[in-house]
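There are 2 protein chains.
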Amino acid sequence: MTMPTLLVLDADPLPRLGRLTGRVRVEHTDEAGLAGRLPSADVLLVWDFTSPAVREAWPGEGPRPRWVHTASAGVDHLLCPELAASDTVVTNARGVFDQPIAEYVAALVLAMAKDLPRTWELQRERTWLHREGQKVAGTRAVVVGSGPIGRAITATLKALGVTTALVGRAARTGVHGPQDLDRLLARADWVIAAAPLTERTRGMFDARRFGVMQPSARFVNVGRGQLVVAEALAEALAKRWIAGAALDVFEREPLPPDSPLWDAPGLIVSPHMSGDTVGWRDELGAQFVEMFERWASGRPLPNVVDKERGYVPGH
Amino acid sequence: MTMPTLLVLDADPLPRLGRLTGRVRVEHTDEAGLAGRLPSADVLLVWDFTSPAVREAWPGEGPRPRWVHTASAGVDHLLCPELAASDTVVTNARGVFDQPIAEYVAALVLAMAKDLPRTWELQRERTWLHREGQKVAGTRAVVVGSGPIGRAITATLKALGVTTALVGRAARTGVHGPQDLDRLLARADWVIAAAPLTERTRGMFDARRFGVMQPSARFVNVGRGQLVVAEALAEALAKRWIAGAALDVFEREPLPPDSPLWDAPGLIVSPHMSGDTVGWRDELGAQFVEMFERWASGRPLPNVVDKERGYVPGH
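Read top to bottom, the protein sequences are chains C and D.
Its first residue numbered 89, the first sequence is counted upward by one per residue in our numbering.
Its first residue numbered 89, the second sequence is counted upward by one per residue in our numbering.
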């Protein structure tokens with residue numbers, strides 16, 4: 089085998105690929121250069137996982153990489169019909185984000201239960217105002233998305249004494265199917281969206297679903313912005329259909345400064361950081377290097393995405 | 089036995105004592121009336137647990153209640169040498185606050201790890217600024233105070249994957265003695281103060297102790313304000329000896345509007361609410377009613393305070 093070419097769709101800081109020195113020809117590209125370089129690449133590393141450039145560049149003519157890896161859990165930014173129909177293998181960064189995102193969701197749940205956002209506001213005003221918090225133990229959560237991230241969220245909430253229900257694409261042991269969702273939403277204190285973005289999940293949290301929830305319910309999205317109809321959520325908060333929400337992901341990122349979401353009542357806005365803990369980029373780089381070594385030696389790759397479904401199928 | 093007199097040192101809202109109707113003569117008093125009414129009371133319920141009035145009224149001459157119950161975990165606000173030397177039994181609300189305070193500490197730890205205070209600040213400014221959070225699992229906490237509150241905090245942090253060390257008045261199975269404290273502080277990511285206020289614990293977190301901690305350490309106080317030398321903490325934060333802190337309790341409560349603590353860098357100020365979750369006053373009232381029924385029927389009381397030590401001795 090001649091030395092394979094690894095094309096990296098760059099983002100700052102660059103991945104550490106030193107361990108692959110001498111075993112691969114590394115080429116770097118930005119979005120504009122991607123289409124021109126795709127034909128000569130054996131492997132594409134989508135390091136800039138916020139870019140839609142792969143989806144746009146792929147449909148052109150000519151040879152294509154045999155393997156595309158994205159340094160993210162979601163693959164919605166790169167899948168297009170032509171890539172899905174091809175025999176190119178797509179893999180993701182399954183595993184790196186599970187525990188950090190679970191902790192982030194726990195942080196949001198506890199912060200909302202203990203009214204911390206209001207505490208900060210009052211501190212700015214030097215105002216002492218005693219309030220009552222809520223107990224988290226004994227409350228009920230519904231986690232939508234039964235992959236490793238949803239499972240980690242469920243485990244962490246359970247450890248805090250929360251009764252949890254996991255909802256996936258189809259019912260199986262320990263997982264509810266979509267037909268149970270409305271019934272579960274109607275009794276939930278916490279609704280956590282952690283599903284991949286697919287044609288089935290796009291816009292699933294709409295006005296009707298927010299209308300099913302309890303007035304005391306709080307909604308958290310750490311999946312993809314497009315799981316939620318943002319206007320419907322803003323309205324549900326304004327009308328107090330639900331008590332609060334936290335969004336870490338948005339249809340447009342960065343969220344534009346003039347978005348009404350920034351000051352929607354009872355909404356916490358964070359900049360897509362739930363899975364990103366100190367050292368995360370190194371972990372993503374190390375994960376890719378290990379996968380590359382498997383690929384180069386002809387061993388089967390882990391984290392292979394089902395390109396029709398749009399995620400890595402699990403148990 | 090004639091109908092006993094129960095004197096209640098009032099606070100709004102009053103306790104629900106309906107279940108005791110016909111079995112006790114209930115009298116209510118404010119701080120000013122306490123000294124005059126103490127001689128005729130069999131039982132004193134310190135419902136206003138923020139008041140130092142008992143300590144001030146007790147030393148006077150004459151008969152005194154045989155039993156004093158405080159609707160709080162701490163008893164530092166009522167113990168005086170005369171009460172300690174008397175044969176009056178003192179009980180506290182041990183048990184009601186454990187789980188809520190443990191959750192509150194977890195909320196603060198996770199909020200600091202995930203940089204939520206800064207997220208709120210940025211949201212106000214409509215600014216999208218991605219940052220990296222910290223993983224909580226795998227970090228190390230020292231919890232000072234080995235009573236039920238400290239134990240509940242330890243259990244909750246453990247459930248989040250934190251390695252914990254509990255420090256009490258004396259070493260025993262599962263508990264470190266004071267001689268281990270400095271060594272433990274030097275390696276801790278989180279230092280949680282949850283000890284009762286006694287002559288041994290007053291001012292224990294001083295400039296020297298903050299100097300022992302790691303620059304990355306964060307300090308949380310949910311015990312009593314006087315455990316901490318507030319000026320030393322403010323200085324430790326200003327000089328970045330430690331990375332952050334959260335205080336829920338203060339030497340003077342409410343914290344005066346002109347206190348420099350309100351805007352000390354990296355300090356979260358909350359209004360002594362860590363243990364107070366929806367329904368807490370009802371729980372405190374129900375706990376007292378149950379204890380009163382035991383007392384009236386001559387059965388031994390739970391939660392009896394060691395008046396020399398200043399807390400309910402445990403395992």
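Backbone N, C-alpha and C fix where the C-beta goes; we use that ideal spot for every residue, glycine too.
This structure is a prediction, so every number in the text was calculated from the model and none was measured.
{"Query": "For the stretch 182-199 of chain C, which residues have a CB atom closer than 7 angstroms to at least one CB atom of chain D, in sequence order?", "Result": "Gln187, Pro188, Glu191, Tyr192, Ala194, Ala195, Leu198, Ala199"}
{"Query": "Quick check for students: name the residue ranges of the alpha helix (DSSP H) that lie wholly in the stretch 201-259 of chain C, counting only runs of 4 or more.", "Result": "204-212, 236-247"}
{"Query": "Strictly under 8 angstroms for the Cβ-Cβ distance: is C/Met361 near chain D by that measure?", "Result": "yes"}
{"Query": "Can you look up C/Arg154 in the DSSP assignment and give me helix, strand or coil?", "Result": "coil"}
{"Query": "Can you check whether the CB of C/Ser304 is closer than 8 angstroms to the CB of C/Asp277?", "Result": "yes"}
{"Query": "Tell me, to the nearest whole angstrom, how far the beta carbon of C/Arg186 is from that of C/Ala240; I am working on the premise that it is less than 8 angstroms.", "Result": "Sequence check: residue 186 of chain C is Asp here, not Arg. With 8 angstroms as the limit, C/Asp186 and C/Ala240 qualify as a contact, their Cβ atoms being about 4 angstroms apart."}
{"Query": "Return no unless some Cβ of chain D is closer than 8 angstroms to the Cβ of C/Ala364.", "Result": "Looking at the sequence itself, residue 364 of chain C is Asp, so the reference to Ala does not match. So, interface residue."}
{"Query": "Taking 8 angstroms as the CB-CB limit, is D/Ser358 close to chain C?", "Result": "yes"}
{"Query": "Just checking: is the beta-carbon of C/Trp278 within a distance shorter than 8 angstroms of some beta-carbon in chain D?", "Result": "no"}
{"Query": "For the stretch 221-247 of chain C, list every residue whose C-beta sits within 8 angstroms of some C-beta in chain D, in sequence order.", "Result": "Gly221, Gln222, Lys223, Val224, Ala225, Thr244, Ala247"}
{"Query": "Taking only beta-carbon positions, decide if D/Trp350 is within less than 8 angstroms of chain C.", "Result": "yes"}
{"Query": "For C/Arg219, decide whether its Cβ has a neighbour in chain D, counting only Cβ atoms nearer than 8 angstroms.", "Result": "yes"}
{"Query": "On the CB-based measure, 16 or more other CB atoms within 10 Å of its CB, does C/Thr227 come out buried or exposed?", "Result": "buried"}
{"Query": "For C/Val317, which residues in the same chain have their Cβ closer than 6 angstroms to its Cβ, ignoring the five residues on either side in sequence?", "Result": "Gly291, Asp294"}
{"Query": "Could you tell me whether the Cβ of D/Arg214 comes closer than 8 angstroms to any Cβ of chain C?", "Result": "yes"}
{"Query": "Identify which residue in D/Pro92, D/Leu122, D/Phe137, D/Leu355 has its Cα closest to the Cα of D/Lys327.", "Result": "D/Leu355"}
{"Query": "Using DSSP with H/G/I as helix, E/B as strand and the rest coil, what is D/Ile189?", "Result": "helix"}
{"Query": "Quick check: does the Cβ of C/Thr244 come within less than 7 angstroms of any heavy atom belonging to the ligand COA?", "Result": "The model on display carries no ligand, and the ligand COA is accordingly not part of it."}
{"Query": "Against D/Thr207, what residues of chain C qualify as contacts under a CB-to-CB distance less than 7 angstroms, listed in chain order?", "Result": "Ser358"}
{"Query": "Mind listing the chain D neighbours of C/Trp368? Cutoff is C-beta to C-beta under 7 angstroms, in chain order.", "Result": "Glu220"}
{"Query": "For D/Glu341, which three-state DSSP category applies?", "Result": "coil"}
{"Query": "Which full runs of the beta strand (DSSP E) of 3+ residues lie inside the stretch 115-139 of chain C, going along the chain?", "Result": "131-134"}
{"Query": "Who are the Cβ neighbours of D/Glu170 in its own chain at under 7 angstroms, not counting the five residues just before and after it?", "Result": "Trp146, Pro147"}
{"Query": "Report the residues of the stretch 321-354 of chain D with a CB closer than 7 angstroms to any CB of chain C, ordered along the chain.", "Result": "Pro342, Leu343, Pro345, Trp350"}
{"Query": "Taking 8 angstroms as the threshold (beta carbon to beta carbon), is D/Leu204 in contact with chain C?", "Result": "yes"}
{"Query": "What span of residues does the beta strand (DSSP E) with D/Gly332 cover, start to end?", "Result": "332-335"}
{"Query": "Assuming C/Ala307 is part of the beta strand (DSSP E), what are its boundary residues?", "Result": "The displayed chain sequence assigns Phe, not Ala, to residue 307 of chain C. C/Phe307 -> beta strand (DSSP E) spans 306-309."}
{"Query": "Whose CA, out of D/Ala201, D/Ser174, D/Pro353, D/Glu220, lies closest to the CA of D/Glu396?", "Result": "D/Ser174"}
{"Query": "When DSSP labels each residue in this structure, what does C/Ala281 get in the three-state scheme?", "Result": "strand"}
{"Query": "Taking only beta carbons into account, state which residues of the stretch 276-303 of chain C come closer than 8 angstroms to chain D, listed in chain order.", "Result": "none"}
{"Query": "Taking the continuous beta strand (DSSP E) assigned at C/Val407, which residues delimit it?", "Result": "The structure shown does not extend to residue 407 of chain C, since chain C is modelled only from 89 to 403, so the question has no answer here."}
{"Query": "For D/Trp155 and D/Leu97, what's the separation of their Cα atoms in angstroms?", "Result": "14 angstroms"}
{"Query": "For D/Val96, which of helix, strand or coil comes out of DSSP?", "Result": "strand"}
{"Query": "In the structure shown, what three-state DSSP assignment does D/Val392 receive?", "Result": "strand"}
{"Query": "For the alpha helix (DSSP H) containing C/Leu108, name the first residue and the last one.", "Result": "C/Leu108 -> no alpha helix (DSSP H), and no H or E assigned at all."}
{"Query": "Would you say the stretch 247-266 of chain C touches the stretch 202-217 of chain C, given that touching needs at least three Cβ pairs under 8 angstroms?", "Result": "no"}
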